[in-house]
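Quick notes on the structure that follows.
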Amino acid sequence: MFFRNLTLFRFPASISFDDLETKLAGAALKPVGPLEISSRGFVPPLGRVDGDEGALHHRIGDSLWLTLGGEDRLLPSSVINDLLQKKIDDYEAKNERRPGGKMRRQMKDDLVQELLPRAFVRPVRTDALVDMKHRVIAIDTSSRKVAEAVVSQLREALGSFPALPVNAEVAPRAVLTGWIAGEPLPDALALGDECELRDPADTGAIVKVQRMELAGDEIETHLEAGRQVARLALSLDDHASFVLGEDLVVRKFKLLDGAVDQLESTERDDLRAELDARFALMAGEFQRLFEVLEPALHLSAVD
Amino acid sequence: MLKLFTRKPAGHVRDSIALDLGNGRTVDVARVRHPRARSLKLSVDERGIRLTLPVRASQAAADRFLLAHREWLRARLEELALAHVEPLRPFVTARLPLRGDWLPVEWSRATSNRVHLADGVLHMQVRGAVDGMHASPALRRALQDFYMAEARADIARWLPDYLPDLPRAPTRITLKRMVSQWGSLSPAGVVALDLALVLAHPSAFRYVLVHELCHILHPDHSRAFWDAVDTRFPDWRDERAWFARDGRSLKATLHALLD
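As given, the protein sequences belong to chains X and U, one line each in that order. Here my numbering is used: position 134 in the first sequence is 134, and no number is missing along the way. Converting from the second sequence to my numbering requires adding 1000 to each position, the first position being numbered 1.
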């Protein structure tokens, strides 16, 4: 269990996480009903323990681990449309006229009702890390829609959760471009080997570079042509590598040997203890990353 | 049967005609036939002069209308010329607008195009060749990014005052270039604000933010909505009047600098 993407939201200090377990229990995942398309709710982050339901949150120091689970029924529209067409053809053959709009809608509704209980159920899960020290929640997704869904579920569970997407008071694009153009990086950060450069015009050229030395003539040429950095690979000491976007989403977040070594030195048989250790490591590295990014990008607090 | 003989109204039909203003000056007037237009309308803004016609208005009526309003057009063009803002020119532009003020600009060369504010002075760093007449798209984009960052900083400063009294926080707040609106709230809870607001005096910007946040409480312009605005921002009438008077020129200024 390591997060791969981090979409960040900040919340005010007034939010209390007391009595969290009871509040989350009220919003726990219910299995998707036979006629429902999908369901969402919180599930135990560490999974079930010996057939017993585990806790719906896991806390280490200032960090909380929550997991939003869900079940989606898979009912492709092409399947519905194909069967609907067959039904319409049958009707036409029998009655020698095409069914009207209202009747076609009714036929489609009937089909959906008939197919839904038979559709596959696909489980989904999204993990979230709440850092109560820095008052930030990191959601393991690069999709804004999924991240907003997690925040809104948490809002429903807690009653109030005024979280806002993390906000930079400088232009992230200018900061990233500065770093690649030779301005000093914050301590602990180093350039990686991947970047995306974009023309200033919205429909302009996009240059994506992977596995290449970023300090060199090739990149200089693009910068000279006025292109700016939209995504940049960075590493945090030898502990984590990631790609930071101008949308402030951290992608491809990966803990490196420098950090993971600490894990492998201890032998563990128990899966829960293993997950617990991994989360502790992740949460620690995330806090360090946030402490570097917050001043560099002037991330605003929400109170 | 009648259908056969009536012409189907065309959609937008656009052409351009030259109009002699009578003072030796000739201007281009964009002539647009609009399916929903009910009367002839002449309008002037930073995008040019536009004559809107109903689909079936006659050519002669349009010409008569233009001639009758030549004086008015001349006066409006003079007003616009007074408010005209020079486009951004590297190492030439001496002042740039921000938060209701025109700040001095200091130009320098650097490894990347970048704008930053220090002690009331805008430092514009330019990379690459400079011709002194036109700003490169990269430089204009850098200025736009700077305005966005300043706007985000303002919003971040004001938002905590209003969040506790709202049933929910906005999903996110975006800044974009809007043609006629100043802000909007989508059903998904996304607040969109016009980037030009960062050029206005801060209380005007703050009023638009409060206005959109109050739409979270009341998604309309009912009495209850204005009461909600009034408790949070008692001087809203002054700001609204200011927008009606000077709002257009604010949008025109941003348009001149960034496009």
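Quick reminder that beta carbons are idealized off the backbone N, C-alpha and C, glycines included.
- Message: To the nearest angstrom, how far is the alpha carbon of residue 1173(U) from that of residue 282(X)?
- Response: In the second sequence, counting from the first residue as 1, residue 1173(U) sits at position 173. In the first sequence, counting from the first residue as 1, residue 282(X) sits at position 282. Using only the alpha carbons, I get a separation of about 29 Å.
- Message: What does the alpha-carbon distance come out to for the pair residue 1070(U) and residue 1022(U)?
- Response: Taking the second sequence and counting its residues from 1, one reaches residue 1070(U) at position 70. Taking the second sequence and counting its residues from 1, one reaches residue 1022(U) at position 22. So the alpha carbons of these two residues sit roughly 8 Å apart.
- Message: Please state whether the Cβ-Cβ distance between residue 1217(U) and residue 1167(U) is less than 8 Å.
- Response: By 1-based counting over the second sequence, the position of residue 1217(U) is 217. By 1-based counting over the second sequence, the position of residue 1167(U) is 167. Taking 8 Å as the Cβ cut-off, residue 1217(U) and residue 1167(U) qualify as a contacting pair.
- CA-to-CA distance, residue 1123(U) to residue 1102(U), given in whole angstroms: Position 102 of the second sequence holds residue 1102(U). Position 123 of the second sequence holds residue 1123(U). C-alpha separation (whole angstroms): 13 Å.
- Query: At a Cβ threshold of 8 Å, is residue 1120(U) touching chain X?
  - Reply: Taking the first residue of the second sequence as position 1, residue 1120(U) is located at position 120. With 8 Å as the cut-off, residue 1120(U) does not count as an interface residue toward chain X.
- Cross-strand partners of residue 9(X) (DSSP beta bridge): Taking the first sequence and counting its residues from 1, the one referred to as residue 9(X) is at position 9. According to DSSP, which records beta bridges pairwise, residue 9(X) is partnered with 137(X), 165(X).
- Query: Assuming residue 131(X) and residue 62(X) make a contact with CB atoms under 8 Å, what is their CB distance in whole Å?
  - Reply: Within the first sequence, residue 131(X) is the residue found at index 131, counting from 1. Within the first sequence, residue 62(X) is the residue found at index 62, counting from 1. Rounded, the Cβ-Cβ distance is 6 Å, consistent with contact.
- Minimum length 3: unbroken beta strand (DSSP E) runs contained in the region 1014-1100 of chain U: 1026-1034, 1041-1045, 1048-1054, 1095-1098
- Item | is_contact[residue 196(X), chain U] using C-beta, thresh 8 Å | Working through the first sequence from its first residue, we reach residue 196(X) at position 196. No, residue 196(X) does not count as interfacial toward chain U.
- Message: At a CB distance below 9 Å, what residues from the region 1012-1024 of chain U approach chain X? Give them in sequence order.
- Response: none
- Task: Could you run through the region 1098-1113 of chain U and flag, in chain order, every residue whose CB is less than 7 Å away from some CB of chain X?
- Result: 1111, 1112
- Task: Have a look at residue 1162(U) and residue 1116(U) and give me their C-alpha separation to the nearest angstrom.
- Result: The count along the second sequence starts at 1 and reaches residue 1162(U) at position 162. The count along the second sequence starts at 1 and reaches residue 1116(U) at position 116. Taking the straight line joining both Cα atoms gives about 28 Å.
- Message: Any beta carbon of chain X sitting closer than 8 Å to that of residue 1153(U)?
- Response: Here the question's residue 1153(U) lines up with position 153 in the second sequence. Yes, because at least one Cβ of chain X sits closer than 8 Å to the Cβ of residue 1153(U).
- Query: By how many angstroms is the C-alpha of residue 1211(U) removed from the C-alpha of residue 205(X)?
  - Reply: Reading the first sequence from its first residue, position 205 is the one you call residue 205(X). Reading the second sequence from its first residue, position 211 is the one you call residue 1211(U). When rounded, the distance between both Cα atoms is 38 Å.
- So residue 85(X) is in the alpha helix (DSSP H); what residue range does that whole segment cover? Counted from its first residue, the first sequence places residue 85(X) at position 85. Segment 77-95, the alpha helix (DSSP H) holding residue 85(X).
- Message: Using DSSP's beta-bridge definition, name the partner residues of residue 208(X).
- Response: Stepping through the first sequence from its first residue, residue 208(X) is reached at position 208. DSSP output for residue 208(X) lists 196(X) as bridge partner(s).
- Item | Cα-Cα separation between residue 194(X) and residue 300(X), rounded to whole angstroms | Your numbering for residue 194(X) matches position 194 in the first sequence. Your numbering for residue 300(X) matches position 300 in the first sequence. For residue 194(X) and residue 300(X), the distance between alpha carbons rounds to 27 Å.
- Message: Quick check on residue 106(X): buried or exposed, where buried means 16 or more other Cβ atoms within 10 Å of its Cβ?
- Response: Locating residue 106(X) in the first sequence gives position 106, where the first residue counts as 1. Exposed, since its Cβ has fewer than 16 Cβ neighbours within 10 Å.
- Neighbouring residues, chain U, relative to residue 302(X) (Cβ below 9 Å): Position 302 of the first sequence, counted from the start, is the residue given in the question as residue 302(X). Correct list: 1156, 1159, 1160, 1163, 1169.
- Message: I want to know whether the region 1118-1137 of chain U touches the region 143-152 of chain X - three or more CB-CB distances under 8 Å.
- Response: no
- Query: Going by C-alpha distance, which of 297(X), 286(X), 294(X) is nearest residue 128(X)?
  - Reply: Within the first sequence, the letter at position 128 stands for residue 128(X). Among 297(X), 286(X), 294(X), the Cα nearest to that of residue 128(X) is on 286(X).
- Item | Cutoff 7 Å; reference residue 250(X); Cβ partners in own chain excluding five residues on either side | The residue labelled residue 250(X) in the question sits at position 250 within the first sequence. These residues qualify, in order along the chain: 5, 6, 242, 244.
- Helix, strand or coil at residue 145(X) [DSSP, three-state]: Against the first sequence, residue 145(X) aligns to sequence position 145. Helix at residue 145(X).
- Query: Taking the C-alpha atoms as reference points, what is the distance between residue 1118(U) and residue 291(X)?
  - Reply: The count along the second sequence starts at 1 and reaches residue 1118(U) at position 118. The count along the first sequence starts at 1 and reaches residue 291(X) at position 291. The alpha-carbon atoms of residue 1118(U) and residue 291(X) are separated by roughly 24 Å.
- Query: Which whole-angstrom value describes the C-beta separation of residue 165(X) and residue 11(X), a residue pair presumed to lie in contact below a C-beta threshold of 8 Å?
  - Reply: What you label residue 165(X) is simply residue 165 of the first sequence in a count that begins at 1. What you label residue 11(X) is simply residue 11 of the first sequence in a count that begins at 1. Their Cβ separation, rounded to whole angstroms, is 11 Å, which puts residue 165(X) and residue 11(X) out of contact at 8 Å.
- Item | Where residue 1133(U) sits in the DSSP three-state scheme | As a first step, residue 1133(U) is located in the second sequence; it is residue number 133 there, counting from the start. Looking at residue 1133(U) - three-state DSSP - the assignment turns out to be coil, as it is neither helix nor strand.
- Measuring CB to CB, does residue 1254(U) end up less than 8 Å from residue 1192(U)? Stepping through the second sequence from its first residue, residue 1254(U) is reached at position 254. Stepping through the second sequence from its first residue, residue 1192(U) is reached at position 192. Not closer than 8 Å, so no.
- Close beta carbons around residue 1232(U), own chain, < 6 Å, minus the five adjacent residues each side: Reading the second sequence from its first residue, position 232 is the one you call residue 1232(U). Here the set comprises 1210.
- Item | Spatial distance of residue 72(X) from residue 184(X) (CA atoms) | Locating residue 72(X) in the first sequence gives position 72, counting from the first residue. Locating residue 184(X) in the first sequence gives position 184, counting from the first residue. So the two alpha carbons sit approximately 47 Å from each other.
- Task: Measure from the C-beta of residue 1219(U) to each C-beta in chain X and report whether the shortest distance is under 8 Å.
- Result: Numbered from its first residue, the second sequence carries residue 1219(U) at position 219. Not closer than 8 Å to any Cβ of chain X, the Cβ of residue 1219(U) fails to qualify, so no.
- Give the secondary structure of residue 1230(U) by DSSP, where H, G and I count as helix, E and B as strand, and everything else as coil. Position 230 of the second sequence, counted from the first residue, corresponds to residue 1230(U). Residue 1230(U) falls in the helix class under three-state DSSP.
- Message: What residue range does the alpha helix (DSSP H) around residue 1173(U) cover?
- Response: Locating residue 1173(U) in the second sequence gives position 173, counting from the first residue. Not the alpha helix (DSSP H): residue 1173(U) falls in the beta strand (DSSP E), residues 1172-1176.
- Message: Suppose contacts are defined by Cβ-Cβ distances below 8 Å. Is residue 256(X) in contact with residue 240(X) by that definition?
- Response: To locate residue 256(X), count along the first sequence from 1; it is residue 256. To locate residue 240(X), count along the first sequence from 1; it is residue 240. Their beta carbons are under 8 Å apart, which means residue 256(X) touches residue 240(X) by this criterion.
- Query: Which partner residues of residue 1106(U) appear in the DSSP bridge assignment?
  - Reply: Position 106 of the second sequence, counting from 1, holds the residue named residue 1106(U). Per DSSP, 1123(U).
- Query: Any contact of the region 1222-1231 of chain U with the region 1174-1191 of chain U, i.e. 3+ C-beta pairs under 8 Å?
  - Reply: no
- Taking all protein chains shown into account, decide if residue 1108(U) is buried (16 or more other Cβ within 10 angstroms of its Cβ) or exposed. Along the second sequence, one-based indexing puts residue 1108(U) at 108. It counts as exposed.
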